[in-house]
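Participant: Below is the structure I would like to discuss, written out as structure tokens.
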Ligand code: 7B0
Ligand code: CA
Ligand code: ZN
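Here it is in structure tokens:
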């Protein structure tokens, strides 16, 4: 193997940056804020490249240490891990390389608390995102409305935007309109997903009556967008002006200094079943004390259940947006098997057919979620397993070879518009997902 040469100059630069960042964080922490207590050293996480794991089973074993697997490559993975988790991965015989921390985008300017650094000003913090939603709704009141569906742990509103032309009905249909759900930002550091949701709201509003595909879908579907499932985590991630690579929510854990539940391990289907989440509060994939123990998950799950009208779930399809790796994923995540109790061959084939077709339009890689590694308690498994909603997970830009949770704001327009066609495809399929496998007559008569 080629020996790696150290780069002392760069390392020093990084150390200096870390010291300045640390001082800034201290200076900015207000006494009233719980953020003023620095995380103990043992809880500090870093990103590593882990060379060696190349199969789903091997990657699941890496994830079982409690680290989050952030990207999967051929023969390696990128993880976020604390010191103990990193040591456990090392003992499995894999080589670890520390990756650079989040980029510094302050441009030498003073950070503004709870805002993105100046160079990333086009990203929306929570307040800006809510203002954007309100402006879009105000501009298109005949097709858009906003509902506060509940509150986060720290008391921020979690909102759903409803987009439909209530005056129109699908031709030849007496039944209610099929509904489609788009959710974003379960994971705090995945800020590009909020921009994705805001793009959808803006796009449907501004091209209704102009673009034929959009107009038809706004007329014939009910579109729900929940642009920020984890506002507390998102605000915490940007609070000091230096990105913190935070993933979970900000709920305290009894008997532990470690905060947060991984929202995407807290859903009430096969919760904690299969080694795809962690019972340790310090883990990046901590599953919480029980299903829906995270208020944010309970709020969105209650909202989804509220769409059961007359005993029938009106939402038929969904996308939950994440970053990164450029993937279109379908359930199940809890098992390696393509079909399982709760997933027939035809259901799996419809998931795969629409998934592959969406991926053909955005250039992502389509696969079953567990082709990466086992996960349990995720939203897509719950949407399908519990609600029979065709729920996909999109992992947005960048690709796994070109990694990072913090792409510069210059990519926002391109990378959100990139999913326009895929989103329209899902909406167009949402009245009968089985059309994609030629079985409309059998399932959708
Ligand atoms: C996650 O890096 C979820 C697949 C859902 N079946 C993948 C997601 O929660 O591990 N990847 S990520 O955290 N965004
Ligand atoms: Ca910029
Ligand atoms: Zn994620």
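In our numbering, the protein residues as written are 1171 to 1615.
Note that the Cβ used here is the ideal one computed from N, Cα and C, for glycine as well.
At which residues does the beta strand (DSSP E) containing residue 1554 begin and terminate?
Facilitator: Where residue 1554 is concerned, there is no enclosing beta strand (DSSP E), although the alpha helix (DSSP H) it sits in stretches over 1549-1557.
Participant: Give the straight-line distance between the Cα atoms of residue 1283 and residue 1407, rounded to the nearest whole angstrom.
Facilitator: The alpha-carbon atoms of residue 1283 and residue 1407 are separated by roughly 11 Å.
Participant: Out of 1494, 1281 and 1342, point me to the one whose CA is closest to residue 1115's CA.
Facilitator: The requested residue 1115 is not part of the displayed model; the chain covers only 1171 to 1615.
Participant: Spell out the partners DSSP gives residue 1492 in its beta bridges.
Facilitator: Its beta-bridge partners are 1565.
Participant: Residues bridged to residue 1267 by DSSP?
Facilitator: The partner list for residue 1267 (beta bridge, DSSP) reads 1219.
Participant: Does the separation of the CB atoms of residue 1233 and residue 1451 fall below 8 Å?
Facilitator: No, they are not a contact pair.
Participant: Quick one: residues in its chain with C-beta nearer than 7 Å to the C-beta of residue 1291, no 5 flanking neighbours on either side, listed in chain order?
Facilitator: Around residue 1291: 1579.
Participant: Answer yes or no: the CB of residue 1238 versus the heavy atoms of ligand 1, is any distance below 7 Å?
Facilitator: Correct: residue 1238 has its Cβ closer than 7 Å to ligand 1.
Participant: Given a cut-off of 8 Å, decide if residue 1471 and residue 1416 are closer than it, judged by their beta-carbon atoms.
Facilitator: It is not a contact, given that the beta carbons lie outside the stated cut-off.
Participant: Quick one: grab the DSSP three-state call for residue 1262.
Facilitator: DSSP places residue 1262 in coil when its eight states are reduced to three.
Participant: Quick check on this structure: which residue in 1571, 1566, 1595 and 1570 has the alpha carbon closest to the alpha carbon of residue 1581?
Facilitator: Comparing Cα positions, the closest option is 1566.
Participant: Any idea which residues DSSP pairs residue 1349 with across the strands?
Facilitator: BP columns for residue 1349 point to 1392 and 1485.
Participant: Starting from residue 1462, follow its DSSP beta bridges and name the residues at the other end.
Facilitator: Answer by DSSP bridge pairing: none, since residue 1462 is not bridged.
Participant: Please give me, in chain order, every unbroken run of the beta strand (DSSP E) with length at least 3 that falls completely inside the segment 1292-1358.
Facilitator: Fully enclosed beta strand (DSSP E) runs of 3 or longer: 1314-1321, 1327-1333 and 1349-1354.
Participant: Cα separation between residue 1381 and residue 1598?
Facilitator: Using only the alpha carbons, I get a separation of about 14 Å.
Participant: Quick one: what's got a C-beta closer than 6 Å to residue 1518's C-beta in the same chain, skipping five residues either side?
Facilitator: So the qualifying residues of the chain are 1508 and 1509.
Participant: If you reduce the DSSP assignment to three classes, tell me which class residue 1601 lands in.
Facilitator: Reduced to three states, the DSSP call for residue 1601 is coil.
Participant: Quickly, what does DSSP pair residue 1513 with across the bridge? List them, please.
Facilitator: 1510, per the DSSP bridge assignment.
Participant: Which whole-angstrom value is the C-beta distance of residue 1361 and residue 1293, which I expect to be below 8 Å?
Facilitator: That pair is a contact at about 5 Å.
Participant: Using alpha carbons as the reference points, say which of 1502, 1588, 1614 and 1235 lies closest to residue 1373.
Facilitator: Per the Cα distances, 1588.
Participant: Can you name, in chain order, every residue of its own chain whose Cβ lies under 8 Å from the Cβ of residue 1486, other than the five neighbours on each side?
Facilitator: Same-chain partners within the cutoff: 1348, 1349, 1350, 1559, 1560, 1600, 1601 and 1603.
Participant: If you compare alpha carbons, which of 1337, 1414, 1352 and 1423 is closest to residue 1385?
Facilitator: Checked all of 1337, 1414, 1352 and 1423; the closest Cα to residue 1385 is 1337.
Participant: If the criterion is Cβ atoms closer than 8 Å, does the pair residue 1464 and residue 1553 meet it?
Facilitator: No, the pair does not count as a contact, with Cβ atoms beyond the cut-off.
Participant: Roughly how many angstroms separate the alpha carbons of residue 1344 and residue 1393, rounded to a whole number?
Facilitator: Looking at the two C-alpha atoms, the distance is approximately 18 Å.
Participant: Does DSSP put residue 1473 in a helix, a strand or coil?
Facilitator: Reduced to three states, the DSSP call for residue 1473 is helix.
Participant: For ligand 1, is there a heavy atom less than 7 Å away from the beta-carbon of residue 1355?
Facilitator: No, Cβ of residue 1355 sits at least 7 Å from all heavy atoms of ligand 1.
Participant: Would a C-beta distance cut-off of 8 Å place residue 1377 and residue 1281 closer than the cut-off?
Facilitator: No; because the gap between Cβ atoms is not below 8 Å, this pair is not in contact.
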